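Protein chains in written order, with my numbering: chain A, 97 to 411; chain B, 4 to 242.
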């Protein structure tokens, strides 16, 4: 029974879906925080993701030129710091001047930033794909042997273990930040009601900066995890992730960070599981149309439950 | 300015954008007083509170908190200087717990506030059992109490209340007015905008009647309540 159904379902659909869901979840956190606190859809968020993966690759490359072999996750640490600064600089010089303007102006500004950042990356690193990690990702032998003892065979490569564990750690820290620290509670308060936050004495501008720090870090993690998963980087990778990340944020409820996590996991799993041959031998939906699943979920949520699963904001 | 004056507004002209709502309004709140602002809808009552908070354009006039001019000061700094404010609606963070709401009220304070929290839970016993409950799950009256408790954390010099009984049942309305009096007896002056004019004037030391953004009548709560003109125009069908 395991071999006929679960082997294929778990190893080739469920685990990849979970991994993709983790990447969407991390990306969607930044989108939902920005949307919740600054009230606009930041189209440049995917480019922060993409830039962080290029920076990680560059740090690993520079280290190797000094004879130092760095795991991409170690290279991601300085890259994420750079991404946070990039997010803060973009906000200070391109978004802040539009803070009190009609929302459409800041949305267009973010669209412009998306194109500017992507063009800069293309100028610096070229427009072609770059191999991020070489070689074939083999399944982790220990997990394979261990699960074989229970009449199963879980085939999960180390890169997926890194992504799942990395996401869990980031989520735990994120949960602690939002539920137990003053700045995290302030972020939730500003997201809930910015006007009330201001007349309660909360320094909203500091909260905005904290939002970019958290959003920038999560975007950096998502970008590096995506590059680890696909093993290559290219300048359009962030843009391709934008739609499912927005879908995840809307599904979870705008301004609800934990909703974004749930939304990301659901969208990732839905995309992968939609290609499973539920009805006969062929996939229900051709894998080429996977992104249509995210789009469909987003449209259905906007029509039937615009506040999302976790009752977020409706604009 | 009177030595006991805590908040004073002198000839204030203010509004939204180019639209002028308040025309040379003058209001003062003295030590230990409850002062009510009443008047018809659109008279500019809530606009006065927003002007004090610094959330709208002030064209001319002055606002003093004790001897400090607070015109043009950021809302978060006005609060830091000692102005507690309870908005009419959306006055609690619905996705935060009751206790987290109080913590947000104390944002500018670094000290340990456990004693202060206890004091507030004693003042508002309804909230004590609901510390961990989301504010969005509270009833209208409980939300209003939480909003007041949140505004009291900072040891405000004056408390501004924007229609504290709007939309509440008669039972909660009485409870809120009772709570306002208890807060005031602890020594905190209160400036209150209220639609339930009759009840508001009953508990107020002084009151102002506003019409079309201008001062129309001023007097003690008792004087205004017994003024036939005020009673006919503003107290008849309300309260």
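Yeah, the Cβ is synthetic: ideal placement off N, Cα and C, and Gly gets one too. This structure is a prediction, so every number in the text was calculated from the model and none was measured.
Residue from the options with nearest C-alpha to residue i
i: residue 171(B); options: 163(B), 145(B), 161(B); result: 145(B)
i: residue 199(B); options: 75(B), 96(B), 177(B); result: 177(B)
i: residue 112(A); options: 357(A), 325(A), 356(A); result: 325(A)
i: residue 30(B); options: 229(B), 216(B), 225(B), 228(B); result: 216(B)
i: residue 138(A); options: 386(A), 342(A), 360(A), 361(A); result: 342(A)
i: residue 61(B); options: 197(B), 26(B), 159(B); result: 26(B)
i: residue 1(B); options: 44(B), 152(B), 42(B), 52(B); result: The requested residue 1(B) is not part of the displayed model; chain B covers only 4 to 242.
i: residue 37(B); options: 75(B), 23(B), 8(B), 116(B); result: 8(B)
i: residue 50(A); options: 397(A), 129(A), 335(A); result: The first residue shown for chain A is 97 and the last is 411, placing residue 50(A) beyond what the model contains.
i: residue 190(B); options: 152(B), 158(B), 121(B); result: 158(B)
i: residue 74(B); options: 18(B), 233(B), 54(B); result: 54(B)
i: residue 156(B); options: 86(B), 50(B), 224(B); result: 86(B)
i: residue 123(A); options: 403(A), 382(A), 315(A), 372(A); result: 315(A)
i: residue 142(B); options: 222(B), 97(B), 21(B); result: 97(B)
i: residue 370(A); options: 389(A), 288(A), 199(A), 360(A); result: 389(A)
i: residue 234(B); options: 33(B), 42(B), 28(B), 69(B); result: 42(B)
i: residue 154(B); options: 140(B), 169(B), 183(B); result: 183(B)
i: residue 188(A); options: 154(A), 206(A), 373(A), 333(A); result: 206(A)
Residue i vs residue j beta-carbon contact at 8 Å
i: residue 340(A); j: residue 120(A); result: yes
i: residue 13(B); j: residue 64(B); result: yes
i: residue 259(A); j: residue 118(A); result: yes
i: residue 358(A); j: residue 351(A); result: no
i: residue 282(A); j: residue 110(B); result: yes
i: residue 329(A); j: residue 149(A); result: yes
i: residue 73(A); j: residue 171(A); result: As shown, chain A starts at 97 and ends at 411. That puts residue 73(A) outside it, with no answer to give.
i: residue 162(B); j: residue 112(B); result: no
i: residue 78(B); j: residue 58(B); result: yes
i: residue 140(A); j: residue 209(A); result: yes
i: residue 107(B); j: residue 159(A); result: no
i: residue 303(A); j: residue 133(A); result: yes
i: residue 125(A); j: residue 378(A); result: no
i: residue 322(A); j: residue 114(A); result: no
i: residue 148(B); j: residue 165(B); result: no
i: residue 356(A); j: residue 128(A); result: yes
i: residue 39(B); j: residue 213(B); result: no
i: residue 227(A); j: residue 327(A); result: yes
Opposing strand residues paired with residue i [DSSP bridges]
i: residue 409(A); result: 350(A)
i: residue 165(B); result: 196(B)
i: residue 328(A); result: 227(A)
i: residue 222(B); result: 210(B)
i: residue 8(B); result: 33(B)
i: residue 65(B); result: 13(B)
i: residue 60(B); result: 18(B)
i: residue 71(B); result: 68(B)
i: residue 217(B); result: 214(B)
i: residue 40(B); result: 196(B), 211(B)
i: residue 137(B); result: 100(B)
Boundaries (first-last residue) of the beta strand (DSSP E) holding residue i
i: residue 210(B); result: 209 to 214
i: residue 124(B); result: Here residue 124(B) belongs to no beta strand (DSSP E); instead the alpha helix (DSSP H) covers 117 to 126.
i: residue 28(B); result: 22 to 33
i: residue 86(B); result: 86 to 89
Start-to-end residues for the alpha helix (DSSP H) that takes in residue i
i: residue 403(A); result: That residue, residue 403(A), is in no alpha helix (DSSP H); it is neither H nor E in DSSP.
i: residue 97(B); result: Neither: residue 97(B) is in no alpha helix (DSSP H) and is coded neither H nor E.
i: residue 147(A); result: 141 to 161
i: residue 212(A); result: 199 to 221
i: residue 291(A); result: 290 to 295
i: residue 177(A); result: 168 to 186
i: residue 175(B); result: 173 to 188
i: residue 236(B); result: Neither: residue 236(B) is in no alpha helix (DSSP H) and is coded neither H nor E.
i: residue 124(A); result: 111 to 134
i: residue 270(A); result: 254 to 276
i: residue 153(B); result: 143 to 155
i: residue 240(A); result: 237 to 244
Any non-hydrogen atom of the ligand PLP within 7 Å of residue i CB
i: residue 247(A); result: Ligands are entirely absent from the displayed structure, and the ligand PLP is therefore not among its contents.
Contact list for the segment 66 to 95 of chain B against chain A, Cβ threshold 7 Å = 78, 79, 82, 83, 88, 90, 93, 94
Residues in the segment 292 to 308 of chain A with C-beta within 8 Å of chain B's C-beta atoms, listed in sequence order?
-> Within the segment 292 to 308 of chain A, the qualifying residues are 292, 293, 294, 295, 296, 297, 298, 299, 300.
Contact set between the segment 221 to 245 of chain A and chain B, restricted to residues whose Cβ is under 8 Å from the partner | From the segment 221 to 245 of chain A, no residue has a Cβ closer than 8 Å to chain B.
The segment 92 to 120 of chain B: which residues have C-beta closer than 7 Å to a C-beta of chain A, in chain order?
-> 93, 94, 96, 97, 98, 99, 103, 106, 107, 108, 110, 111
Listed in chain order, which residues of the segment 271 to 284 of chain A have Cβ atoms closer than 8 Å to some Cβ of chain B?
-> 278, 281, 282, 284
Near-chain A residues of the segment 32 to 56 of chain B - C-beta to any C-beta below 7 Å | For the segment 32 to 56 of chain B, which is checked against every Cβ of chain A, the residues closer than 7 Å are 56.
Contact list for the segment 154 to 168 of chain B against chain A, Cβ threshold 9 Å | 154, 157
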